[in-house]
Structures are given as C-alpha cells and as structure tokens.
Amino acid sequence: MGKDFKSMVTRCIYVGKENDNVKKLKTATEELKDLRNIVMKRVKMYEDQQKLKRLEKVQVWLRQADVAIKEAEEMLITLMSSSSSNGSSMMSFHKLDKKLCKKLKEVQEIKSRGTFDVVVENSGIGSGSMMISNVDRDDQTVGLEAVSGLVWRCMTVDNTGIIGLYGVEGVGKTTVLTQVNNRLLQHKLNGFDFVIWVFVSKNVNLEKIQDTIREKIGFLDRSWMSKTEEEKAGKIFEILSKRRFALFLDDVWEKVDLVKAGVPPPDGLNRSKIVFTTCSDEVCQEMGAQTKIKMEKLPWERAWDLFKMNAGEEIVKSHPDITKVAQEVAAKCDGLPLALVTIGRAMASKKTPQEWRDALYILSTSPPNFSVLKLLDRN
Numbered sequence: 001m002g003k004d005f006k007s008m009v010t011r012c013i014y015v016g017k018e019n020d021n022v023k024k025l026k027t028a029t030e031e032l033k034d035l036r037n038i039v040m041k042r043v044k045m046y047e048d049q050q051k052l053k054r055l056e057k058v059q060v061w062l063r064q065a066d067v068a069i070k071e072a073e074e075m076l077i078t079l080m081s082s083s084s085s086n087g088s089s090m091m092s093f094h095k096l097d098k099k100l101c102k103k104l105k106e107v108q109e110i111k112s113r114g115t116f117d118v119v120v121e122n123s124g125i126g127s128g129s130m131m132i133s134n135v136d137r138d139d140q141t142v143g144l145e146a147v148s149g150l151v152w153r154c155m156t157v158d159n160t161g162i163i164g165l166y167g168v169e170g171v172g173k174t175t176v177l178t179q180v181n182n183r184l185l186q187h188k189l190n191g192f193d194f195v196i197w198v199f200v201s202k203n204v205n206l207e208k209i210q211d212t213i214r215e216k217i218g219f220l221d222r223s224w225m226s227k228t229e230e231e232k233a234g235k236i237f238e239i240l241s242k243r244r245f246a247l248f249l250d251d252v253w254e255k256v257d258l259v260k261a262g263v264p265p266p267d268g269l270n271r272s273k274i275v276f277t278t279c280s281d282e283v284c285q286e287m288g289a290q291t292k293i294k295m296e297k298l299p300w301e302r303a304w305d306l307f308k309m310n311a312g313e314e315i316v317k318s319h320p321d322i323t324k325v326a327q328e329v330a331a332k333c334d335g336l337p338l339a340l341v342t343i344g345r346a347m348a349s350k351k352t353p354q355e356w357r358d359a360l361y362i363l364s365t366s367p368p369n370f371s372v373l374k375l376l377d378r379n
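Residue numbers (the UniProt record's numbering): 1 to 379.
Written out as structure tokens, the structure reads:
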C-alpha cells in the first residue's frame, strides 16, 4: 500500500510538471507563430510591391520556424492523447517530459532570433515594382523631361543630399517627383535600400510621417503604436542610419523637422537622398535644400502640343471654329501642365463649336479648378 501511494505521488509530480511545461510550450509556439506571421507579412509586402528579394538568413529562419511550429503542435497533440490514457507508464511520462523540455528550448531559441531590422535586398528585377499611380501616361510629361532629368542626375551624384523642387501650383512638381520615384524603382532601386514616398500637405503631422516611413521600411512591431514620438524617431533612425534611402516628400508647405522624425541627414557617407516639392523658395531654404530647382510654366508651343495631345488632335482640327476656340481654351490654362492635361481631357468629348464656346465662357469667368472641371463635364 505504501509503495503504491509513493508511486502515485511521484506520478502526480510528473503530471504537474508536465502540465506546466505543456502550457509553456503552447504559449511559446503561439508567440513564434505570431512572430513568423509578422516577418512573413513584411517580406511579402516588399516582394509583391517592390519585387525585392528576401534575405537568405530570413528565409532560413522562416523554414526553421515552420518546422519547429509543426513539430511542437504534433508533440502537444501526442501529450494530450497520452495524458488521457490511464495505462501510461512512469517511464513514458518521463521520456515525454524530456522531449517537451527540449522542444520548448528549441522554440524559444528560434523565437529569440526572429527580430530583423531588414528582411529584403535588391532582387535584380526591375519590372512590376510598385509605382506612384498619378502619372501613368507619357502625354502628361511633355515639357517636364528636362526637369526630371536634372532631378535624376542629382540622385546619382554624391555632392547633393537634399533637393528642393519648387514652383507655382499646377506646374508639374508632383509629376516630376513621381517620374523620378518610378524610374528609381524601374532601375532596381539604383543602389538604394529603401524608396519612401510621403504625402505631407498642410499642417505637418510628424507622427503620421513617422507611421508612413515605418510601413515603408517594414517595421511592423506591435509595440509601435504605444511608443512615444521620440521612441519612434529612435527606431526609424536606427534602421535608416544603416541603409541607403531615397525619401520623397510631396506637397511641403512648411519646414518638416526630419531629424525629429528620426530621418538621418543625407551626406557623402550614407549617400541617401531627400527630395521634396513645394510652392515656396523660402521652404526650400528652411528645409536646407542643397540644390533648388525652380519649375517654370510651359512656353506656348509646348503648352499647345500638350493640350492637343489630351483633347485629341482630330477633334481640335475637325472644324476651323473649334481650332480657334481650342487655342483660347489652352491659353486659359496659363502654361500649367496639370491644367492643360485635365482640361484637355475634359474637352475630348466636345465635338461641336458651341460646346467649345460654352467651355471657353466657363473658363473666362472662373480659373481652372476642380469645380470648373465638373462643370465642363456636365456641359
């Protein structure tokens, strides 16, 4: 009786220890699965959007994590089956417990290696990269090629890190910035590890800029939202200071404190670039632009070509009265590429001289804007 009681007590100790380790293994396995999913999400984002290649060490870790998760789940199922069996011997409980402890250590060790600042590298694939979609037709860039080429040359030399692109609204600054962004992606990032696009606009929101940057660099840690602005800046700086990046800031109205956001200043060593668009020469100075590029309105011949290209040359030439009025409509666009493209397209469906005269009347009473375009569409 005493011997049986001692055996029962010993078994209870093993069962209690086993149950504790089972809980630990369950928890560790779930945590590893969550971490694996986060890493895979980051990898897939870059593979699908920018056609980058996952790092070999990341691929190895993902395979190890998958195997460990599968084996741990199978072991947990076996343990549940064994615990429900009354005939299990003390020896079998002891063996299972040893395997359990070994697997728990393995899962914890793999989990400890699952933090990656960078998960991808250049893949050598240029096509299919994620493009900014507001410029997808060559007819939007007539007359802007020279400016785009100038910005591109700035991206390829080491003596300029911050480039300011400025000019009146509608002159094509965003179009040029988009061209350079897309060309960079098509050229396999041209040596840059990250290409980051941020739309800034009025009332600078530094936290929103930080959130956009962290998405583009693939930092998807769950703790991000609970971090302070300073902690976010520290993490962004930690990652970007080790990599070469191109940061495009569109529609900047006032100085953006990029150092406060965590962006390392470009220099000859990191060879990173910051390019921004603004309407103000003053903002260029406040942002510390080493190269300022002023965008001018298009001369008449180029403006007229751009307008005809979007309105349709056949329609413009279909009637002498339409040709005459079309020139007046194009002149109302004041050499601004954005107005020439959008109004030209709005006029592509107008096929009678009267429709064109109506459009000219509307433009004569109001400057080109969104409301005018809606009115042109209705007429």
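Where a beta carbon is used, it is the ideal one built from N, C-alpha and C, also for glycine.
- DSSP places A261 within a helical segment (H, G or I) once states are collapsed to three.
- Fewer than three beta-carbon pairs drawn from the segment 172-179 and the segment 206-222 are found closer than 8 Å, and the two stretches are therefore not classed as touching.
- 8 Å or more divides the Cβ of L32 from the Cβ of I77.
- In this chain, the alpha helix (DSSP H) harbouring G234 covers E229 to L240.
- Within the DSSP bridge table, the entry for T342 names no partner.
- Taking the C-beta atoms as reference points, P353 is found no nearer than 8 Å to L144.
- Across the set V283, M347 and C284, the C-alpha of M347 shows the shortest separation from the C-alpha of E314.
- In this structure the segment 158-167 touches the segment 283-299; the number of beta carbon pairs closer than 8 Å is three or more.
- Beta-bridge partners assigned by DSSP to G164: F276 and K292.
- Using a 10 angstroms sphere on the CB of A146, the tally of other CB atoms stays under 16, which defines it as exposed.
- Excluding the 5 residues flanking it on each side, V204 has same chain C-beta neighbours closer than 7 Å at E254 and V256, in chain order.
- Rounded to whole angstroms, the separation of the alpha carbons of P320 and N310 is 19 Å.
- By the 16-neighbour rule on beta-carbons within 10 angstroms, N37 is exposed.
- Here S280 has Y166 as same chain residues with Cβ atoms under 7 Å from its own Cβ, once five neighbours each way along the sequence are excluded.
- With contacts defined as CB atoms closer than 8 Å, L258 and V200 fail to qualify as a contacting pair.
- The three-state reading of DSSP puts F194 in strand, counting E and B together.
- In the DSSP annotation of this structure, the continuous segment of the beta strand (DSSP E) that includes V252 starts and ends at F245 to V252.
- One alpha carbon belongs to E328, the other to K294, and they sit about 27 Å apart.
- Listed as beta-bridge partners of S201 by DSSP are V252.
- Across the set S148, V118 and N181, the C-alpha of V118 shows the shortest separation from the C-alpha of R42.
- F245 is a Cβ neighbour of I196, given a cutoff of 8 Å.
- In chain order, I322, V325 and K350 place their CB closer than 6 Å to the CB of W356, counting only its own chain and leaving out the 5 sequence neighbours on each side.
- Shown here, N310 sits in a helix according to DSSP, grouped into three states.
- Ranked by how close their Cα comes to the Cα of P264, the residues V283, Q285, T278 and E238 have E238 in first place.
- In the three-state DSSP reduction, T352 falls in the coil class, being neither helix nor strand.
- Shown here for R271: same chain residues with a beta carbon closer than 7 Å to its own, the five before and five after excluded, namely D158 and R244 in chain order.
- For I213, the uninterrupted alpha helix (DSSP H) segment begins and ends at L206 to K216.
- Rounded to whole angstroms, L62 and K242 show a C-alpha spacing of 23 Å.
- If you ignore the 5 residues before and after T212, its C-beta comes within less than 6 Å of the C-beta of V198, all in its own chain and listed in chain order.
- Residues of the same chain with a CB within less than 7 Å of the CB of K24, apart from the 5 flanking positions on each side, are L104 in chain order.
- When the five nearest sequence neighbours on each side are left out, the beta carbons in the same chain lying within less than 7 Å of the beta carbon of F192 are those of L184, R244, F245 and A246, in order along the chain.
- Taking the Cα positions, Q285 is about 25 Å away from E230.
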